[in-house]
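Report on the following structure.
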Amino acid sequence: MSELAEQQWAVLSERGAEATGLTYTQAAERMRALVREKVSGVSVITDDAARRVTHNVKPRTRQQNPNGAGNKVKR
Numbered sequence: 000m001s002e003l004a005e006q007q008w009a010v011l012s013e014r015g016a017e018a019t020g021l022t023y024t025q026a027a028e029r030m031r032a033l034v035r036e037k038v039s040g041v042s043v044i045t046d047d048a049a050r051r052v053t054h055n056v057k058p059r060t061r062q063q064n065p066n067g068a069g070n071k072v073k074r
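According to numbering that gives the first Met the number 0, the sequence shown is numbered sequentially starting from 0.
Dropping the structure here:
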């Protein structure tokens, strides 16, 4: 399977992460829609890269603390 068909793409803008877990085709469509809305700084990158550059995307493996107190990852 091509990497472009895998659901590993994210769309970022000046507002932060707009969407994650997309195929490249879906991401490109979302990007075009945002450009039509005059949103600036729109780009398509991998989900992994998106997690590194924005706090709006949480790693899929991180567990949310059920009592809401801190979300530290134990090492």
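By construction, the Cβ of each residue, glycine as well, lies at the ideal position given by its N, Cα and C atoms.
{"Query": "Check for me: the beta strand (DSSP E) holding T22 runs from which residue to which?", "Result": "It is not in any beta strand (DSSP E) - T22 carries neither H nor E in the DSSP assignment."}
{"Query": "In the DSSP assignment, find the alpha helix (DSSP H) that holds A48 and state where it starts and stops.", "Result": "46-52"}
{"Query": "For S39, which residues in the same chain have their Cβ closer than 6 Å to its Cβ, ignoring the five residues on either side in sequence?", "Result": "E13"}
{"Query": "Going by Cα to Cα distance, which pick from L21, G15, L33 is closest to E2?", "Result": "L21"}
{"Query": "Compute the Euclidean distance between the alpha carbons of R31 and S42, then round it to the nearest angstrom.", "Result": "10 Å"}
{"Query": "Can you find the residues in the same chain that come closer than 6 Å, C-beta to C-beta, to Y23, ignoring five residues on each side of it along the sequence?", "Result": "L3, W8"}
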